Structure formats: structure tokens, C-alpha cells
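Numbering (the working numbering), first residue to last: 3 to 677.
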Amino acid sequence: MGEKLLFSQGSQRILGALRTALQLAAVLLMACGAVTAGAQVLHVETLPNGTELMLVAQPEATATAVAWPERSGGELEVRSIASGELGLASDLTSAFKDATEAPPVLIAVGAATPDELRGAASGALGSLPVAPLPSGPAPGRTDEGGTERRLGTPGSQANLRLVLPLPPLEDGRRTAVEILLELAPGLLANDLPGLRSTEGTDTATFEIQVDPAGADLYLERLRRRLAQLGDDTRLDAAMVERARRHLDVRRMAGLEELPTGAERLVRIWAGGGDRAIRQYLFGASGADLAGVREAGRTWMPRHPGWATILLPPQSLNPRFAGGPETELLDNGLSVALLERPATPLAVLDLRPVTSSDLAGDRTATVLARLAGALRQADNAPPWIRVLADPPSLLVATAPDGFSEALEAVTNALEELRQDTAPVTSSRDPRHAALGLAAALLGVGDTALTPAALLAPDNLALGAVVPDVERAQEALHKLLDTVQGSTGTVAVNVGGSPRHAVALPGTRSAVAVLLPVAAGTDDVDLGLAAEVLRTRLAAVFGKGATSVLRPAVPGRTVLVVVVEADGTVGAVESRLKESWPNLVAEVGDEELAPLRHRLAAELAIHASGSTGAALRCAAIAAQGGSWRRPEELESLTMAAEPKAVSALLGGFAPWDDLERAVAGPLPVEDLALPKR
């Protein structure tokens, strides 16, 4: 079906002879198993052992995820691996080393070529027999038209939820119905203000808060208006095109989330086979107003869905390209723009440069509020994510939608930057110790408020765009006009930074500052941090330790954090006793698995347009040079134990290290000038 969508419009405008040539080319293209659509290529073939091999090749990708179905008690489970270019074959071989059966299908998404994937998959599967097809998901509900009433919160509005089934994954109407349902809240805004919609794998859900007394009338109106959407006179070609592009962006951006993008395709394949995969990848490219109207007329009236009304008790009725261009705007905002004319997505990543919140959770909370304000905008980008490490706001849209997305982000920033109320921190030992550490590093003097955190001179923006000049014009027109905060912020005045704080309880935390020499290679530093994490976990257990790399102006520093049961003195003594082993020389046997793991992480996080935007934001925030993902992966795999050992051995002796502690603490220790 994807092939037909690609050639149907062009074939009506060309001469008969050229039409014949194109049709022949299409036949040859399908014969070799490849289907192209805009920014993605689908390659399909069968391995010698009978396993079907499907590859969705993506531009800008530097990592590959492979997923496949397995049987577990008769049910479908999905397994996956994600690797850079250098680790794909070995990771696939490891995944199937103990297998007695081969999966019916392997689906890969990312940078691999058909030859690379074929070689890796054939080597991993050999002549293993193909397992029977796993059972697909359980059939959906069939009791459409019913209404379930449940008890809600006292004093609240009634919450009306209507779940509609979507056409099967392989049904040609699937994409058109998804587009129509995305447009539904806007088309029904006059009759049903506040209507919200979300989409799942097999269903679409509509929710609205209504007066409890009229809940049934609202439900009747919602069902009637949804059934009439295909004939709505306000539905026009421009609306369909915008929704079609948003759907295409969401699908493409979702596939860049490795390995979940490949896992999603396996579930789609299990539900509808190759045809469902093609519909998912290429269906949006051929959607138009006529198709959307026809899908609405044939599907919507026949599916009233199943409804749930929550009523309050009182009313219950029974590759090879240049790096980014960097710029500092007049208001202090740091920008790094990467031009990629063929990018399938325009992506921007916005992150604070410095923060007193070394743990990152309060910063992520503020960014989540920013994302919430952004999602409420009329021109909200179709794909929004809040990342935690480091905290940042990631936004994707169509290649020509950068200016509109930037305008929405600017408006959301202006809204949140009026808030000067401090975001409070948890008072557990880990957060308390990190708060002291932030003061020692010189970034903990100002209270963390949305106004201060989101001030332009504390923000870095990285973006991947098709045209840098147009993106720069939009930046100067929009973000350059945003001024710094004029509100009042709370500041700690007087005294020197504290090194210890007493807290009630039975657990203590120790934060150790490890200054790093200027010019230290990022790859060596990343591996040194991995060595410390692994060794710390062996001593204190997983989840009790972390190694952070906060952004500190003019300095590079690692912060080792340990939280454990016991008094501050007891936890500190355990850490001191272990310190010589923690920073001891590292051998190749210990470093090899860490190199492999870090190389894969770097390749995955840097993959695609979203990964490139993240790296641009890092350069805008912290400086440094641009490296291609494959270069990072190669340098990591080739890192020498000698260089990492030198870095570990270069940390100051324990007694000379600055430390911040929190937990049960004798009173006399609070007066110590230095720990």
C-alpha cells in the first residue's frame, strides 16, 4: 500500500511514456524488498533459516535497535537490543547464544544497512528453526454503546470518558481515522469546550469535565457529533494536512526512541503483519481530505465506543556533515544550531545551564510545568518530552515548523517566568548533602525559582533545523526579545558554605567533590565516572550511589554521592576505607564491558535528529567541540586503561577532598570548618 501512495499523485501529471517507466521502477523496487517514503526506507527480506528481516533505515541515525517477538506462556513478549555500529553483531549474537528457536521476524530501526543487518542476523540465528507465531494481543472490547458509571471524588465535576476503537492496524482507513480524531477536539470546541483526546495502540480516548446533572446529555452529544465528523463542513484540506504532518512527526520521532521504536513496530507487526507496518510508516503520506471524510463516514457512525462516567457521590445516579553554529543572543541565551537540510524533523532542546539543584529533580519539575503550558498552546508542537539526565525540554515538529514551535516555547517561557516562588527541595539526606555541595561549588546561593531557572542568561538551546539562517531569524525575532527576570529572589547571605547538616532518621549521605583538570577528554572522564559507579555499587549496593557531573561555570567536577544506613561518621568511614580501591588503577578486563556499555549509550543518546539536538544543547551550555556519534563510539571503544587510571589516580587524597554530609550527626561536628 505504501508503494501506491508514493506514486499515485505524480503519475497523473506526467507523460504516458514516463508513467510506464515509473511503474516499471516501482515494480523493480518492490522486487528487491525496499519501499521509500520521504525520510524513511523500509527493507524486507527473508533469511535462509526462514526468519523475516525488516529494516527501517533512518537518516541521521547512528545507532540501531533490533526487536523481535517471543512466546511466554502462550502470550506475546517483545525483546530488543540497541547498539552502535560497532556492537550490533556481538549484541545480537549474545542475545541468541542460548536460543533453540529463531523468532519469526526481526525488526530493526536505525542506522544499519541491509548488508550489515543481514550479516549480523544470519550470524546470530544460523540455522535455528523458526518458532511458531506468538499469540497476539487479546481481542478488544465488543460491548460498544454501553455506559459504565463509577464513584468519583466528592465535590468534583463529572468526568466523562469515551473510548473508541481504531480500525485494525492493517486497515487502509487507520491513518485517516487517527487524523480525524486528532482534529475532533477543535471541531467540537463550540459544542464541547474542554474536550481532550489521547491515542493508544488500538483505541482513542476522549475526556471532558461536565456538570454532573447533564453528564448523560453531554455523552449523547459527544457520540452524535463524533458520528457526524466525516460530514463536518468546517473540515478542510489545510486542517487535514496539518494533522497529517503532526501524525507523521509523532510516528517518526517515536521511532527515534531506541529501542522502544523497534519494539512498537514488533507489536504492530504482531497485530497486522507487514501490511500494518507499511500502513504505520507510510500511511500518513497519502492522507487527504477526501480520504479522511470517507473514513469518517464509514467507520465513525458504526463505532459508538464504550463510555465511563465518574460521578461525585452526591450526584451518583444508580553522517558526514559540519557541526553546529553557536551564538550568544543579546539577552544572554546561548544557542547552537545544526543545519541538516534533509532532516525529517525540526528539533529543539532547551536546558538550564546552571542550577543549585544538583539532583535535577526540582529542575525537571519546573521543566514539566513548562511542558504542560506548552501542550495547552493552540500552536503546540506535536511531540514534547521532558528528560531527566540532564534535565531538559525536548520538542520535535515538522522541518518547516521550527518558527511556530519556537513561538510556542517562547510564550510558555514568558508564562512561567512570572513565577518567583522557590521550588522546595526534599529534606532527605541525599538532597541535603547535594544542597551543601552546590553551595561549595558556588551554584547554591540563589533560591531555585522558575523565574531564575528559566532566565535567558541561564538557558542553552540546541536545535536541528533544515535552514540555519531562517532559524536564526526566528530566534532573534522571538527569544531575543525575552528579557531577564526582574522579580525578587531569595538569597543566602552571610557566613561561609556549610559542610554538614544534621537530620533526624537512620540514614546519612556523603557528597564528595572531585575537581577535574581543565582540558580532560570527555571520553576518558565518562569512563572514569563509569568505573566509579561500578565500584561504588559493589561496595554500597545499586541505588545507593551516584556519580554526577553538574554544570559549574569555569570548572569541571564530578560529585560522588553515597547514601546508606548509619550515622554520618559511619557512612563516611566506610567510604574513606574504600576510597583507595575506588580510585585504583583499572585493567582492561574491568574496563572492557564498561567501554562497550558507554559506547552504546553514547551512540543511542546521540542518534537521530533528537540526539543531535541534545548534543547541540550540551555544547551551547558547556562549550566543547562537535564530534560525530560514530567518532564518539570509536574513541570510547579504543580508550586505554592507562588514561582512565591516570585520571582516577589524579584525584586528591581523601583528606584533601571537600565533602558535604547530612544525616544523624553529633552537635560538635556542625562547627567543623572543613570536612
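Quick reminder that beta carbons are idealized off the backbone N, C-alpha and C, glycines included.
On a predicted model such as this, the values are computed, not experimentally measured, just so you know.
**Prompt:** DSSP on S636, reduced to helix/strand/coil?
**Reply:** DSSP places S636 in the helix class (H, G or I) of the three-state scheme.
**Message:** Does the structure place the region 383-400 close enough to the region 357-369 that three or more beta carbon pairs sit under 8 angstroms?
**Reply:** A contact exists between the region 357-369 and the region 383-400.
**Message:** Suppose the cutoff is 6 angstroms on Cβ atoms and the five residues either side in sequence are ignored; what does the same chain contact list for S336 look like?
**Reply:** So the list reads L330, A462, A622, once near-sequence residues are dropped.
**Message:** In the DSSP output, which residue or residues are listed as bridge partners for E150?
**Reply:** Bridge partners of E150: T310.
**Request:** Determine, using beta-carbon pairs with one atom in the region 229-246 and one in the region 201-210, whether at least three such pairs fall under 8 angstroms.
**Result:** Here the region 229-246 does not lie against the region 201-210, with fewer than 3 beta-carbon pairs under 8 angstroms apart.
**Residue span of the beta strand (DSSP E) that contains D690, given as start and end** = Nothing can be reported for residue 690: it is not among the residues displayed for the chain, which extend from 3 to 677.
**Request:** Could I get the ranges of all uninterrupted beta strand (DSSP E) runs contained in the region 156-242, with 3 residues as the minimum, in chain order?
**Result:** With a minimum length of 3 residues, the continuous beta strand (DSSP E) runs that stay inside the region 156-242 are 160-167, 198-201, 205-212.
**Message:** Residues in the same chain with beta-carbon distance under 8 angstroms from P134, minus the five sequence neighbours each way, listed in chain order, please.
**Reply:** The residues are R73, P106.
**Reference L481, options L527, K544, F404, closest by Cα** = Closest by alpha carbon: F404.
**Message:** Comparing C-alpha positions only, which one of P170, G157, L197 sits nearest to L164?
**Reply:** Of the listed residues, the one whose Cα sits closest to L164 is L197.
**Sub-7 angstroms separation of L659 and V514 beta-carbons** = Yes, Cβ-Cβ distance for L659 and V514 is below 7 angstroms.
**Prompt:** When the distance is taken between beta carbons, is S85 closer than 7 angstroms to A640?
**Reply:** For A640 and S85, no; Cβs fall outside 7 angstroms.
**Entirely enclosed beta strand (DSSP E) segments - the region 558-616, minimum 3 residues** = DSSP runs (the beta strand (DSSP E)) wholly in the region 558-616: 558-567.
**Message:** I want to know whether the region 463-472 touches the region 606-622 - three or more CB-CB distances under 8 angstroms.
**Reply:** Enough Cβ pairs lie closer than 8 angstroms, so yes.
**Prompt:** Short check: CB of A566 to CB of V573, under 7 angstroms?
**Reply:** Contact flag set, yes.
**Prompt:** What is the rounded straight-line gap between the Cα of L162 and the Cα of T310?
**Reply:** If I take the Cα positions, the gap works out to 6 angstroms.
**Item:** Distance, D213 Cα to P1 Cα
**Value:** Given a span of 3 to 677 for the chain in the structure shown, any question on residue 1 remains unanswerable.
**Request:** Give every residue of the same chain whose Cβ lies closer than 8 angstroms to the Cβ of D657, excluding the five residues on either side of it in the sequence, and list them in chain order.
**Result:** Here D657 has no same chain residue with a Cβ atom under 8 angstroms from its own Cβ, once five neighbours each way along the sequence are excluded.
**Asked** For L408, which three-state DSSP category applies?
**Response** It is helical.
**Item:** Assumed close pair L637, V588 - CB separation to whole angstroms, cut-off 8 angstroms
**Value:** Wrong, their Cβ atoms sit about 17 angstroms apart, outside the cutoff.
**Length of the line joining the Cα atoms of L376 and E103** = Looking at the two C-alpha atoms, the distance is approximately 48 angstroms.
**Message:** Using the three-state DSSP reduction, which class does E47 fall into: helix, strand or coil?
**Reply:** Strand at E47.
**Request:** Report yes or no: do three or more beta-carbon pairs, one from the region 174-186 and one from the region 277-286, lie closer than 8 angstroms?
**Result:** Result yes; three or more Cβ-Cβ pairs closer than 8 angstroms.
**Request:** Thinking T66 and A101 are a contact (beta carbons under 8 angstroms), I'd like their distance in whole angstroms, please.
**Result:** Not really, about 20 angstroms apart at Cβ, beyond 8 angstroms.
**Asked** A502: which of R151, A407, A434 sits nearest, CA to CA?
**Response** In terms of Cα proximity to A502, the closest of R151, A407, A434 is A434.
**Beta carbon of Q624 nearer than 7 angstroms to that of A553** = Yes, Cβ-Cβ distance for Q624 and A553 is below 7 angstroms.
**Request:** Starting from the Cα of G334, find the closest Cα among P354, T345, A323 and give me that residue.
**Result:** Per the Cα distances, P354.
**Request:** Identify every residue that forms a DSSP beta bridge with P71.
**Result:** In DSSP, P71 forms a bridge with V80.
**Asked** With DSSP run on the structure shown, which of helix, strand or coil describes T426?
**Response** Here T426 sits in coil by DSSP.
**Request:** From the DSSP output, in three-state form, read off D658 for me.
**Result:** The three-state reading of DSSP puts D658 in helix, counting H, G and I together.
**Prompt:** Does the beta-carbon of Q42 have 16 or more other beta-carbons within 10 angstroms, so that it is buried, or is it exposed?
**Reply:** Classification of Q42: buried, given that the 10 Å Cβ count is 16 or more.
**Request:** For the region 55-62 and the region 337-352, state whether three or more C-beta atom pairs, one from each stretch, are separated by less than 8 angstroms.
**Result:** Between the region 55-62 and the region 337-352 there are three or more C-beta pairs closer than 8 angstroms, enough to call the two in contact.
**Item:** Three-pair Cβ contact test at 8 angstroms for the region 279-297 versus the region 579-599
**Value:** With fewer than three CB-CB distances shorter than 8 angstroms, the region 279-297 does not count as touching the region 579-599.
**Request:** Please state if the CB of A664 and the CB of P424 are separated by a distance shorter than 7 angstroms.
**Result:** Remark: C-beta atoms of P424 and A664 do not approach each other more closely than 7 angstroms.
**Request:** May I have the straight-line CA-CA distance separating P666 from L456, to the nearest angstrom?
**Result:** Roughly 35 angstroms between the two C-alpha positions.
**Message:** My output table needs one value for R377: the three-state DSSP class, helix, strand or coil.
**Reply:** Reduced to three states, the DSSP call for R377 is helix.
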